[in-house]
Structures are given as structure tokens and as C-alpha cells.
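What follows is one structure encoded as C-alpha cells, with my remarks underneath.
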Amino acid sequence: MFTKSTKISTPGESKKGECDMEGEKTKKRIKEIRFDMDKCNGCRSCEIVCSQIHASPKYSSVNPAKARIRVIIDEFADNYIAIRAGQYTEAECNARNSFTIRGREFGTCEFCPASCPSRDAFKDPESGLPFKCDGCEGEDTDTPWCVRECHSGALTYVEKEVEEEPKKTDELSVSVLSLLRRHGIEKVVDTIAKVAKEL
Amino acid sequence: MRYGETGYFLEIDLSTGNIEKVESDPKWLELYVGGQGTADRILWDWVPPEVEPFSPENLLIFSAGLFCGTPIPGANRTIVNTFSPQTNLHAHTMMGSYFGPEMKFAGYDKIIFKGKADRLVYIVIYNDKVEIRDASHLKGLGTYETQEVLKKELGGRFQIAAIGPAGENRVFYASVDHSHASAARGAGAVMGDKGIKAIAIRGTKDLYVANAEKVFELGNRLRKEIAENPYVGDWMAVDEDDSFHHDNFAWGNARVRRKGYWTPEIQERFTKIKYEHLDRQTGCFNCPKRCHNVISWPGRKRFSYKCFGKDTYHMAAFQELDFSYEILGIAQNLGLDSYTTPQVIAFALELYDAGILTDNDLPGMPKDIKGRFFYFLDKIVKREGIGDVLADGVYWAARKIGRGAEAYDHNTTKKFEQVPIKLGKLNPPYFLMIATGEKMNITQIEGSFPQDPLPTREEREKFVREWVAAKDERFKKWFLEWEKRERVTIEMACAITEWNEAMHYIDDATGLCGFVSSFRGQFGGKTVYHIHNIPHFITLVTGVEFDEEKLWTVYKRNRNLVRALNVRRGMRREDEKPPEDHWAVRNHEYEQILLDCYYEYQGWTKEGIPTVETLKKLGLDFVAEDFLKRGILTGDDEVPNVYEKYKDKYPWGI
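Taken in sequence, the protein lines are chains E and G. Position 8 (the first sequence) corresponds to 8 in my numbering; numbering is contiguous. Add 1000 to a position in the second sequence, counting from 1, and you land on the number used in my numbering.
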């Protein structure tokens, strides 16, 4: 089984980790959309509803090419894989990702979630601008629409607790932080600019 | 701005290579809704009756139903219309999966092919970019193989409809295949004759709906309703008890009924075979159901089937499910229809047993039954030897073979193989549906009124209380009082036949699948779509006002247009008869009065021709004028005038 899970941005729901010099691990609750390819029936309702939500004016049209999720279907290989639009990358990657699905390796970028210059996936077909899944942020729904409209159970929205690696704060940052607290951003920036000229 | 539809047809002339994008008449939405409705208007306008099916002047039209690509779930039918070489009449066929919606996203409600290519070609459509390309590299490839090659060539987001070698060689019952769907009944042969190996389409355009927010909510609500409603979709995808087909349908060349065949042991064996080879159950575009069983069988291409599709081959060969699995992956890849093909082969084997076909006609035929089926598949697809004769279907093959073979053609109507059902007493609505239907397969005609009464009054009362889809109060009253299958009055038989047919005509215009609409009312009555809600949904999607009366008139208009197309090609009363042995107990006098009454009910003459008055009432004045000009009608033509006398009568003599 191929399960792909990606974190989505849910700032309101996570406990913000307090960082300190000691670097203690913190716990964070996140929600993620998961996809189970064995359950997918290939109906593409996720694409339909996503394109409606993001249509302008909202709901006015259906266009799977504008969805932030796409189900890659190969009926004859029995592959049904939903991919959500990830980060935009300015450059093509030279080492293409490989995916192993049911023991079969795919050396293709077809399953990559990035919007990149080498392909038209996750780009507006008219403007070419990249798409990124926003997890239906700003929508009046607890669950992203693609999950809500997936009646096969292939897409699920699950909450889980993850440990977060603490952000280590280096010495220089600590010094700058203390200067900022004492003198304010404006004064520190002006001073750095003035001093830099004398270098 | 057009809503629900794109407002454009793509016209491709294969003889000249001319390609045009043509704006459609917005009035046609109100007159015919779309899908087959508008396709038939084009067939009427463009194809005179003298045009042979295998002629450049014949058209092959792919239509996306009105709701295809909109948020309305379960609407994904691509309806393919042409004139069939087998029947020389109007061909109605359709397929599900993704093709129709993709046409809409590419900006077309229809793709209309005319002419003939001078070599095998395939068509690539990417929004406004349309190309006719040389298909030498696809020649001889199967339907699945062609789709695989083209997906590799063009990208996985293209939707492809292809014919196999059967279509290339113009086997009359060749299919057009796309994903896990298939359109038969003439389309594959005409596609092959036009030299089109495949159509690959990709669309990235917006499809607009009128009442956007309401349609968004509606789509979501209906999707949930379809998902949760056990009365829609293919219940046979999950219910392993298939006594219905095995005990009631006829085996071999539609001959032998094996009552009591189905046993718990058989069910256990079939279930085991199924689940050991089942990869997945899939649905079509925007439908949460899982009607297609996708099967992997060793050494075969992955294939799928639904409903009776899993039984046709093994029942024709007196084998078990494993034989169907063994042959389906090959037969469907060759592009052969799974309803007609097994019957043609079983017919040939009967002729062999009867000594009408001999070893001389069948050189090298294996001794075992399985081997023989594969032998005939090969001969038919290549049109080699006897295969060339059998490739035209049972009716024509019987006449070409002669030597008494005609007597073995016992299961065709209008020259087309019927579903192999042989029953006891005549069933009046079924007599009318098979006799007067023009879709050639009962599954495309029956479906709204239950097939059988419920045993107790209490059960019937409960059924009627929950029967939202019932067209009107008459049907509820009739159902409450209905106790024996054949005990229906002539009025009931006429009304049931019309309602059943009407819902299919509406589905063929909207692109709704019969499994959520027209076909499924007969088993449980709880369809998601029905005559009371579809008009409102059309209004919401298109912004054009529709009500029940207006949609019913569209059904009548579309239905009469099909009849007009066929009447113009010579179809008359004498063609309207179910197979002689469909029922063991029949009464000729009653049947003919029943037929007269239905003709009258529809506003047709004693020959089954719509009268001038009927046509004009439906705004089909152009048909009336044509009929008068051709002498098909005189102007004084009348309906049979017997309905009032007989409408309350129950069947007699059966």
C-alpha cells in the first residue's frame, strides 16, 4: 500500500513550541491529509470540488486542471494516486524522484507534488501561475473539501502528535536579540548601516 | 454565456481534413436538452435515409450529456450515435468513465465526424488544438493497448476512446472502448469504417454553471445520497448471489434455462474466483459508486465488467465464471461487444452441431468448447473464412449461410441480438418495450416501474409510501393493486412502457447514468434522479427554466425524432416483434391489439409512424413536412382508434 501524507499548514491548531538555548524537544499536534490508493475508486470528486472552491467567482465553474489535487490514474496498471500541489520550485530538479508503489519503481516526476518549470502540473492552464494546496484555509470547514467529498475513504484528514526538533539558537543570534530588545530595531539597523560604512 | 453546456460542436471531416469549431444554437437546449437529443437533430438534418451506414455521408457523433462535467454527480455518459450497419437503423450507444466530461473541459458538447480518412488515423484534441494524425503505429493494437500507447505518447491526463482490431475490420458489433467503459451497438464498426483508430482528448477549460453556489451544495448533497443509497449503482458488484442471471436467463444460443443451477457451492466457487482476482472496484467521473469490477487474470490484460457482463461468455459456453475471466480480457481488448459476441459464437456452434456448418467451414477448429470460443473470436475479428460471415451478427450470418440456418436465428429483433431471456407467460409491458424500443437492448428501455409485484399488500403500501420517483399517482395505485406479473391492463402496459422509455431518453440527453436514474427504479424504486427533480437541476445548472411538463415534452420530442429517423429508413410495424420464443405462452390477437393501443397512446399510425398532428404538437413540423413530401404520410393518417375500447382489458389467451 502506498500512503502519502503531507503536513498542511494549521497554525491555529498547534501549540507553539517555546524555543530556548537548551533545545528541548517539544510536541505539536498537526492535521494531515492522507491518501490510501487501495480505497480510491477513481471518481475524481476531489478534483471537482477543489476546482469549484478555487474558481473565481467562487463555485462558478468546474475545471480539474485548476484543482490543487489530482488523481493520477492508470487503469491498466491499476494505479490510482492522489497528489496535492506542493511548493513551487523555480528550477527543475536534476535528480528526479523515484517512487515505489507495490514493489514497482517509477522513475518519473509524475508523482511529485511540486509545481516546477518542467511540466504543466499544478499550474494555472491560462496564466501559468503555480498552485499550492492551502488545505482549504479560510474555508468554513473543519475538513478540507477534497476529503469531505471523498466517499470512498481514500482521502482522510487525521490529527496526530508529532515531536518537533527544537530550533537551536546560535550565539550571534542571542547577541543580536538582546541588542534589539535594548535599543529597538530602527536604532540597531541605523547603527549597523553607519558602522558598516566605516569598514 | 452558456451554462452547463459549452455551446460548441467540433466538426471533423475526415475526407478533406477540415476541422471546425461551430457554435451551437442555444434554442436546442430547450428543445432537446443535449446529448443524444441534439445528436439526433443533427442526424435528421445531415443524413438522408439513402445514406448507407458504411458511407462517408454517415455521421459518427460523440455527445457529452448536458450534465457531464458539471458538479451533478453520476452524470458522465458519452452518447455515441450513428446509423448501424447491423440494423441499418439509428444506433444508440454510450459509455461512462471520463471521456464526456473531458470533452466539456476541452470546450465541446459534441464531436461530429463525417467523411472517411484515406488511411488509419487518430485524433488528438487539446482544447482548441485539434490534429488528425497517422495511426500506422496503432494498427492492429487492442483497445487497451492503444490507450496505453497513446497515454505514454501524449500524457496520462488525456482521455482516450479507441477501437480494437474488431472495429478496424468493421465487425458489426465492435465496440468503442475507453477506460473501464465501452460503447457497442454499431459505433465501433462505423468508427473503423471512417478510419479512426482512436480519439485522445484533454481539456483545461472552465465549465460554468448558472446558480454556482446552489449547484455546489446540490452536487455535494447528491454525491452523499448516491454513496449512501443501496438502491443505486450495481448491487451485483457486491452481492455474490447471482441466481438472478444463472437461473433465469438462457444459456448457449439463448436456448436453455437452467432453473436451480445456482447452489451455495457454485456461489462459494464464483466468489472465491472473483476475490482472488479482483484488483479494485471503480466508479466513473464524479460518482462515488463502485460498479466496475477490475480483474487481473494470469496472462491477460487487466479488464473490468459490470452486472451481466461477467456471465455472457460462460453462459453461452455452458462453463463457469473462470471461463468468462479467461476470455473477457482478450475479447474486450479486441474490441468486441460482450453481449452480442457470445451469442454469435453459440449460434455458430449450434449450426455445427446441426450439421449446417461442417468441418470444411471450420478448418482447424479445436475439440474443446473453450478452445472453440477462442477460435471463433480470432476468425471473427480477422473476418477470416466463416468469421467474415459471423462478423455481421446472427441475423445476416443466418441468411448468408442459408441451408436452414435462419431457424437458428431465434433471438434477434430488428436484426439485433437480444438479451437471452426465455420466459413462460407473455409480459405485456415487456412485449411493448422489446417490440417498439429502438435502442436494441432491453436494459436501455426498462427500468422505472418494478419488474415484479411485491407479495403482500403491506409491502406494497410501504413501497408506495417511499416511492418518490413515481411519475404520478396512477403508478402508485396500479402498484398497490398489482399481484401477478402478467396481470396488467393495456392502459398500465402503455403507461409503464412510456415512463420506462422516457427516463432513458432523459438520461441520454443529460448524460446521467442509468444506474443512478432510469434503470434502477425497477429494483427498489429509490433512484436518486427522477422526473420530479431533474427539471429543477437543469434549471440550476443552465439558468434556463425547466419544469416536469417541459422535460416530458423534450422526452416525447427526442423519442419521436428517433422513431422518425428509423421510419424514414424504412422501419415499420412488421419489424416490431420480440423473438418468437421469448415467451412460451403467447396470444397473437392480444399482442396486436396491445401494439395498436400503444401506437395510439404515442400518437402513431397503425404502421407505427408519428402522425402529422403528433409531430406538429412537438414542434417537429420539419419531420411532418418531410414525411408528407416522401409519401410516408398522406396527411389523413390516423391513429388506430382502439385504445378506449381496450384500455381496461387484462391479457387474454395467455
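For every residue, glycine included, the Cβ atom is placed at its ideal position computed from N, Cα and C. Just so we're clear, the structure is a prediction, and the values are computed from it rather than from any experiment.
What does a CB cutoff of less than 7 angstroms around residue i pick up in its chain, not counting 5 residues either side in sequence?
| i | result |
| --- | --- |
| Ile157/E | According to the sequence displayed, residue 157/E carries Tyr and not Ile. Counting only Cβ-Cβ distances below 7 angstroms, and skipping sequence neighbours, we find Lys31, Ile33, Thr143, Pro144 and Val147. |
| Gln1522/G | Glu1446, Gly1447, Ser1448, Phe1449, Pro1450 and Gln1451 |
| Thr141/E | Arg148 |
| Leu177/E | none |
| Phe1303/G | Ile1295, Leu1328, Gly1329 and Gln1332 |
| Tyr1003/G | Tyr1208, Val1209, Ala1210, Val1541, Thr1542 and Gly1543 |
Compute the distance between the beta-carbons of residue i and residue j, then report whether it is under 9 angstroms.
| i | j | result |
| --- | --- | --- |
| Asp36/E | Gly153/E | yes |
| Arg1485/G | Lys1425/G | yes |
| Glu1145/G | Asn1018/G | no |
| Gly1142/G | Gly1299/G | no |
| Asn1220/G | Glu149/E | yes |
| Lys1414/G | Met1433/G | no |
| Ile1266/G | Ile1199/G | no |
| Ser1324/G | Tyr1305/G | yes |
| Lys1647/G | Thr1539/G | no |
| Pro1429/G | Asn1500/G | yes |
| Thr1605/G | Lys66/E | no |
| Lys1104/G | Leu1207/G | yes |
| Asp170/E | Gly1156/G | no |
| Ala1407/G | Ala1397/G | no |
| Val1554/G | Leu1031/G | yes |
| Pro1610/G | Arg1568/G | no |
| Cys1287/G | Cys43/E | yes |
Which term fits residue i, buried or exposed, when burial requires 16 or more other beta carbons within 10 angstroms of its beta carbon?
| i | result |
| --- | --- |
| His63/E | The sequence given here places Asn at residue 63/E; His does not occur at that position. Buried, since its Cβ has 16 or more Cβ neighbours within 10 Å. |
| Phe1622/G | exposed |
| Leu180/E | exposed |
| Met21/E | Because Met21/E sits at a pLDDT of 44, beneath the cut-off of 50, its placement in the model cannot be relied upon, and the following sentence gives the value as read from the coordinates. The residue is exposed, with fewer than 16 neighbouring Cβ atoms inside 10 Å. |
| Ser45/E | buried |
| Pro1366/G | exposed |
| Lys1655/G | Because chain G here runs from 1001 to 1654, residue 1655/G falls outside it and cannot be looked at. |
| Asn1641/G | exposed |
| Glu137/E | exposed |
| Glu1580/G | exposed |
| Trp1652/G | exposed |
| Phe1519/G | buried |
| His1582/G | buried |
| Ile1012/G | buried |
Using a Cβ-Cβ cut-off of 8 angstroms (strictly less than) and excluding sequence neighbours within five positions of residue i, which residues of its own chain qualify?
| i | result |
| --- | --- |
| Arg119/E | Cys109 |
| Ala1331/G | Tyr1313, Ser1338, Thr1341 and Leu1377 |
| Pro1455/G | none |
| Asn1566/G | Leu1089, His1090 and Glu1438 |
| Glu1240/G | Gln1267, Phe1270, Thr1271 and Lys1274 |
| Leu1551/G | Val1033, Ile1506, Ile1531, Ile1534, Pro1535 and Ile1538 |
Using DSSP bridges, identify the partner residues of residue i.
| i | result |
| --- | --- |
| Met1095/G | Thr1078/G |
| Tyr1108/G | Answer is none; Tyr1108/G lacks a bridge partner. |
| Lys1425/G | Val1585/G |
| Tyr1590/G | For Tyr1590/G, which the question treats as bridged, DSSP gives no partner whatsoever. |
| Ala1162/G | Asp1177/G and Ala1198/G |
| Ala1250/G | Arg1257/G |
| Lys1114/G | Asp1013/G |
| Ala1183/G | Val1176/G |
| Ser1063/G | Ile1079/G and Lys1110/G |
Closer than 6 angstroms by C-beta to residue i: which residues in its own chain qualify, once you throw out the five before and the five after it? Chain order, please.
| i | result |
| --- | --- |
| Asp1392/G | Phe1172 |
| Phe1099/G | Thr1078, Gln1159, Ala1161 and His1178 |
| Tyr88/E | Ser115 and Pro130 |
| Lys1471/G | Trp1499 and Ile1531 |
| Ala1117/G | Leu1014 and Gly1195 |
| Lys1649/G | Ile1490 |
| Glu161/E | Lys27 and Arg29 |
Checklist entry - Where in the region 41-96 of chain E do unbroken runs of the alpha helix (DSSP H), each at least 4 residues long, occur, reported from the N-terminal end onward? => result 45-53
Item to check | Complete runs of the alpha helix (DSSP H) confined to the region 1325-1408 of chain G [at least 4 residues] | outcome: 1340-1353, 1369-1382, 1386-1390 and 1393-1401
Checklist entry - Which full runs of the beta strand (DSSP E) of 3+ residues lie inside the region 94-129 of chain E, going along the chain? => result 99-101 and 104-106
Item to check | Contained beta strand (DSSP E) runs [length at least 3] in the region 1264-1290 of chain G, N- to C-terminal order | outcome: 1278-1282
Checklist entry - Which runs of the alpha helix (DSSP H) fall wholly inside the region 1476-1514 of chain G and span at least 4 residues, in chain order? => result DSSP runs (the alpha helix (DSSP H)) wholly in the region 1476-1514 of chain G: 1490-1510.
Checklist entry - In chain order, which continuous runs of the alpha helix (DSSP H) of length 4 or greater are located wholly inside the region 1534-1613 of chain G? => result 1534-1542, 1548-1568 and 1588-1602
Checklist entry - Which residue spans inside the region 1118-1171 of chain G form an unbroken alpha helix (DSSP H) run of at least 4? => result 1143-1154 and 1165-1168
Next on the checklist: Just to confirm the assignment: which complete alpha helix (DSSP H) runs, minimum length 4, are found wholly within the region 1431-1456 of chain G?
Outcome noted: none
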